[in-house]
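As you go down the protein sequences, you meet chains P, E and V in turn. Residues in the first sequence are numbered from 1 upward in steps of one, following this note's numbering. Residues in the second sequence are numbered from 1 upward in steps of one, following this note's numbering. Residues in the third sequence are numbered from 1 upward in steps of one, following this note's numbering. For glycine and all other residues, C-beta sits at the position ideal for the given N, C-alpha and C.
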Amino acid sequence: MSTLALHLHDRVVVERDHLSEVMAYLSSKGYQVIGPTVREQAIIYDTLSSLDDLPVGYTDEQDGGSYRLKPRRDRALFGYAVGPQSWKKFLHPPSVRLWQAYRTDTGFRIAEDQQETPKFAFIGVRSCELHAIAIQDRVFLQHNDPIYRERRAHLCIIAVNCAQAGGTCFCVSMQTGPKAESGFDLALTEILDEQQHYFVVEVGSELGIEILNAVPYREANQDDIERAENVLANTAAQMGRSMDTTDIKNLLYRNLDHPRWENVASRCLSCTNCTMVCPTCFCTTVEDMTDLAGTRAERWRRWDSCFTMDFSYIVGGSVRSSTKARYRQWMTHKLASWIDQFGTSGCVGCGRCITWCPVGIDITEEVRAIRETPMSSPADL
Amino acid sequence: MQTLETILAQHPFFKGLDARYMSLITGCASNVRYKADEYFFHEGEAAERFYMLREGRVALETHGPQHREIVIETIEAGEALGWSWLFPPYRWHFSARALQDVRAIALDGVCLRTKGAQDHDLGYELAMRVARILMERLQSTRLQLLDLYEAEGRRVIYE
Amino acid sequence: MSETLGNPMLPALYRVLRVHREIPDTFTLELEPGDGAVIPSFSCGQFNMLYVYGVGEIPISISGNPAQPIPLVHTTRAVGVVSQAMRELKPGNVIGVRGPFGSSWPVELANGKDVVIVAGGIGLAPLRSVMYQIMAQRERYGRVALLYGTRTPSDILYRRELENWRSHFDLEVFVTVDRATGSWRGSVGVVTRLIPHAPFDPLNAIAFVCGPEIMMRFTAAELQKRGVAPERLYVSMERNMKCAVGLCGHCQFGPYFVCRDGPVFRYKDVQNWLLKGEM
Numbered sequence: 001m002s003t004l005a006l007h008l009h010d011r012v013v014v015e016r017d018h019l020s021e022v023m024a025y026l027s028s029k030g031y032q033v034i035g036p037t038v039r040e041q042a043i044i045y046d047t048l049s050s051l052d053d054l055p056v057g058y059t060d061e062q063d064g065g066s067y068r069l070k071p072r073r074d075r076a077l078f079g080y081a082v083g084p085q086s087w088k089k090f091l092h093p094p095s096v097r098l099w100q101a102y103r104t105d106t107g108f109r110i111a112e113d114q115q116e117t118p119k120f121a122f123i124g125v126r127s128c129e130l131h132a133i134a135i136q137d138r139v140f141l142q143h144n145d146p147i148y149r150e151r152r153a154h155l156c157i158i159a160v161n162c163a164q165a166g167g168t169c170f171c172v173s174m175q176t177g178p179k180a181e182s183g184f185d186l187a188l189t190e191i192l193d194e195q196q197h198y199f200v201v202e203v204g205s206e207l208g209i210e211i212l213n214a215v216p217y218r219e220a221n222q223d224d225i226e227r228a229e230n231v232l233a234n235t236a237a238q239m240g241r242s243m244d245t246t247d248i249k250n251l252l253y254r255n256l257d258h259p260r261w262e263n264v265a266s267r268c269l270s271c272t273n274c275t276m277v278c279p280t281c282f283c284t285t286v287e288d289m290t291d292l293a294g295t296r297a298e299r300w301r302r303w304d305s306c307f308t309m310d311f312s313y314i315v316g317g318s319v320r321s322s323t324k325a326r327y328r329q330w331m332t333h334k335l336a337s338w339i340d341q342f343g344t345s346g347c348v349g350c351g352r353c354i355t356w357c358p359v360g361i362d363i364t365e366e367v368r369a370i371r372e373t374p375m376s377s378p379a380d381l
Numbered sequence: 001m002q003t004l005e006t007i008l009a010q011h012p013f014f015k016g017l018d019a020r021y022m023s024l025i026t027g028c029a030s031n032v033r034y035k036a037d038e039y040f041f042h043e044g045e046a047a048e049r050f051y052m053l054r055e056g057r058v059a060l061e062t063h064g065p066q067h068r069e070i071v072i073e074t075i076e077a078g079e080a081l082g083w084s085w086l087f088p089p090y091r092w093h094f095s096a097r098a099l100q101d102v103r104a105i106a107l108d109g110v111c112l113r114t115k116g117a118q119d120h121d122l123g124y125e126l127a128m129r130v131a132r133i134l135m136e137r138l139q140s141t142r143l144q145l146l147d148l149y150e151a152e153g154r155r156v157i158y159e
Numbered sequence: 001m002s003e004t005l006g007n008p009m010l011p012a013l014y015r016v017l018r019v020h021r022e023i024p025d026t027f028t029l030e031l032e033p034g035d036g037a038v039i040p041s042f043s044c045g046q047f048n049m050l051y052v053y054g055v056g057e058i059p060i061s062i063s064g065n066p067a068q069p070i071p072l073v074h075t076t077r078a079v080g081v082v083s084q085a086m087r088e089l090k091p092g093n094v095i096g097v098r099g100p101f102g103s104s105w106p107v108e109l110a111n112g113k114d115v116v117i118v119a120g121g122i123g124l125a126p127l128r129s130v131m132y133q134i135m136a137q138r139e140r141y142g143r144v145a146l147l148y149g150t151r152t153p154s155d156i157l158y159r160r161e162l163e164n165w166r167s168h169f170d171l172e173v174f175v176t177v178d179r180a181t182g183s184w185r186g187s188v189g190v191v192t193r194l195i196p197h198a199p200f201d202p203l204n205a206i207a208f209v210c211g212p213e214i215m216m217r218f219t220a221a222e223l224q225k226r227g228v229a230p231e232r233l234y235v236s237m238e239r240n241m242k243c244a245v246g247l248c249g250h251c252q253f254g255p256y257f258v259c260r261d262g263p264v265f266r267y268k269d270v271q272n273w274l275l276k277g278e279m
């Protein structure tokens, strides 16, 4: 353990094996450590009990509608891009019971559920995911959602700078990466070659300093820092996709009747995969249910998707009954109206929607198609 | 006491029509009154007049099954009644019944058609105004057909 | 806002005072706060989420008088599982209430102006609150005209009140039906037909419109044709609502969350979205 006083943005070096002491420290402080792990041939996020749970020896190959795990020759801990799950699984849980109601002699009474608020430590959060969390912060904290707020308040984030881009990534276009800039407690860059395996660690918060003070580290020298920067430069040059976001809000608002929507609708299955894997999609539904005897009722909140047929249902029918209308809703919300609603784009360029679309619909291609043949003049809208 | 011409000129149908045409048209005009439930005309009769309603409401009807009269639409004060006088075979397609005491100005159809044929500018003005009424009525009829309020639902549906 | 300090998803418990059948399929619910529930206050145009135990929850516009918030009044159609269950409630039954939510009709903007209110079908229910508010301070406004269209004479909602309003010398009430039945001697035709000759000055009027979306579009077009500016025209939108607090995403309409940015909107702000289909 070093006796150097650490400050924000300081960079140190932690040896690969000492990363397990980071995990141990977090566990000792009551954190549930969550990170990437292999499950059913994909890299998902779940509880880690040790470094061994990380997908060592795996990498992923991603393209439109395709995801495969492949073996890697080296022993990198973070040698892959993002998988089908995102951290919203923990911060904005897929199903939550809100309250229970009990029949009484005079009617019924309602008992609010005390939400258990686990303390999470996320290990392996990529820059695009940091942005996604920040985006969801704006959505939920704007509305003071107590469930998100509690989980977010106790969160520890160990970010990882990507050493390779995924096949469908476009964080450079969305200005959300590959370098983790803020929103983390510690940010790791994995340095691995025949001789060495260590992490250049950037301090992001007081908690980050506290964690580092519990493990062996040394100050990072110029060579370490350069190697870390090279890793990132390499990644930035490898982007699998790109998106021109110039004036994208108006581009989409002005082209709501573009023939491309029909085109994409003919391919879209409205399977809702994209909304499930997207790290910023936040739509939920409220379900009221009761037991058979009617003595107890419950209200649940569950993830929902704007692609479902009854998402927009009102008396008389669904407002968006065609696949075209629903695809258009999703994409214009993500890239355009989100800006009006929350001040930023809703897309972080993680590429998940491209990878996990069973027919490989590519949001960057759809934008390109509309941009290349815009329908109406700037005078409209 | 207002003249027939002044009264006619004030009717919304003639809004903006040149004064010299007003006097031409007044030559075809006469004051009429109908009591509640009196008929202006019946379906199938010769369509010889064009009515500018000043006061009161008129129902456009047709025969239904079992001798019932079905009201298709009502024409209100300030509106114009009838256009079958303009097109052959010059027969009324509906009946028109006063729902209240109605005061109107009747314009003779033959008189109007003749004057319109002699002065095409006048003919144009008349035709454009009638076309406008047709457009508005068609639009309203289409909305009526949509049965807007029924879509609000009497079926059992999932909420 | 009723008691939901901190958790807007928790209903407050109210009791049913009265369930009154209006026209076929339409009923009015009158509620009072249960023990411990805060006395509500609402503005015209807002809505509550009403929860029937074990069945579900739906959004319903408030149609009572904002100056007299108890009883809390809602008129709605029994067209689905929840509303049908609601119609079967009895006085004394407990019902969950969350709200009020949403934006309101800007009646204060009508000071010194003529007011034209156009209601279609069940759209008259949320507009009734506006009528109450206007009548309570009648001297503030110019001419006031209510244009109401519905399907048939037996679908005329709040008949007695309409007749009462009509008897006021300083209110004009016009009622029309799409389809005449029986001995109806009133107007027959769509409600937009009443606009060209309605008594108001379009250059100094404010319009409040509520009804099926198609009706609101055509009404707005007709009002604009007569010279009412889209900045002075207000509509009330309806979308699927689950949370009512702008979080579940269901009620989105273009960039707007109808539960939070609406349901009352200035026509100018939603014109482009309304004219596009399937938004």
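Of the residues the options, the one placed nearest residue i, counting alpha carbons only
i: Pro202 of chain V; options: V:Gln133, V:Trp184, V:Gly254 and V:Arg226; result: V:Arg226
i: Thr148 of chain V; options: V:Glu172, V:Gly277, V:Met135 and V:Gln68; result: Here the sequence assigns Tyr to residue 148 of chain V, which means Thr is not the residue at that position. It is V:Glu172 whose Cα lies nearest to the Cα of Tyr148 of chain V.
i: Val177 of chain V; options: V:Ser167, V:Phe169, V:Ser183 and V:Val188; result: V:Val188
i: Thr3 of chain E; options: E:Leu17, E:Ala80, E:Gly78 and E:Ser23; result: E:Ser23
i: Cys171 of chain P; options: P:Arg241, P:Val231 and P:Ala233; result: P:Arg241
i: His42 of chain E; options: E:Ala19, E:Ala96, E:Glu73 and E:Phe14; result: E:Ala96
i: Leu275 of chain V; options: V:Gly80, V:Ala78, V:Ile214 and V:Val52; result: V:Ile214
Cβ-Cβ distance between residue i and residue j below 8 Å
i: Cys169 of chain P; j: Val277 of chain P; result: no
i: Val367 of chain P; j: Glu219 of chain P; result: no
i: Thr280 of chain P; j: Gln136 of chain P; result: yes
i: Leu186 of chain P; j: Ile158 of chain P; result: yes
i: Ala67 of chain V; j: Ala136 of chain V; result: yes
i: Asn48 of chain V; j: Arg98 of chain V; result: yes
i: Phe200 of chain V; j: Asp114 of chain V; result: yes
i: Leu50 of chain V; j: Ile62 of chain V; result: no
i: Cys210 of chain V; j: Val286 of chain P; result: no
i: Gly177 of chain P; j: Ser127 of chain P; result: yes
i: Ala101 of chain P; j: Ala293 of chain P; result: no
Residue i CB to nearest heavy atom of the ligand HEM below 7 Å
i: Leu98 of chain P; result: This structure simply doesn't include the ligand HEM, nor any ligand for that matter.
C-beta neighbour in chain P for residue i, strict 8 Å
i: Glu3 of chain V; result: Any reading at Glu3 of chain V must be qualified, since the residue scores a pLDDT of 38, below 50, and its modelled position is unreliable; no value is offered.
i: Arg302 of chain V; result: As shown, chain V starts at 1 and ends at 279. That puts residue 302 of chain V outside it, with no answer to give.
i: Lys276 of chain V; result: yes
i: Asn204 of chain V; result: no
Below-8 Å beta-carbon distance, residue i vs any chain V residue
i: Glu210 of chain P; result: no
i: Gly153 of chain E; result: Confidence is the limiting factor: at Gly153 of chain E the pLDDT is only 47, short of 50, which leaves the residue's position unreliable, though a coordinate-based value still follows. Yes, Gly153 of chain E counts as interfacial toward chain V.
i: Ser140 of chain E; result: yes
i: Tyr149 of chain E; result: yes
i: Thr74 of chain E; result: yes
i: Val71 of chain E; result: yes
i: Gly294 of chain P; result: yes
i: Pro146 of chain P; result: yes
Residue i: contacting residues in chain P (beta-carbon distance under 9 Å)
i: Cys248 of chain V; result: Phe282, Cys283, Thr284, Thr285, Val286, Arg301 and Asp304
i: Asn7 of chain V; result: Leu98, Trp99, Glu112 and Pro146
Any chain E beta carbon closer than 8 Å to residue i
i: Pro100 of chain V; result: no
i: His20 of chain V; result: no
i: Val270 of chain V; result: no
i: Gly121 of chain V; result: yes
i: Thr75 of chain V; result: no
Within chain V, the residues that residue i reaches when beta carbons sit closer than 9 Å
i: Gly78 of chain E; result: Pro196 and His197
Residues that residue i contacts on chain V, provided the C-beta gap is smaller than 7 Å
i: Ile314 of chain P; result: Glu238, Arg239 and Asn240
i: Phe108 of chain P; result: Tyr53 and Val94
i: Trp99 of chain P; result: Leu10
i: Gln341 of chain P; result: Pro255
i: Arg57 of chain E; result: Ser187
Practice item. Closer than 7 Å, Cβ to Cβ, to anything on chain E: give me those residues from the stretch 207-218 of chain V, in chain order. Key: Pro212, Ile214, Met215 and Phe218
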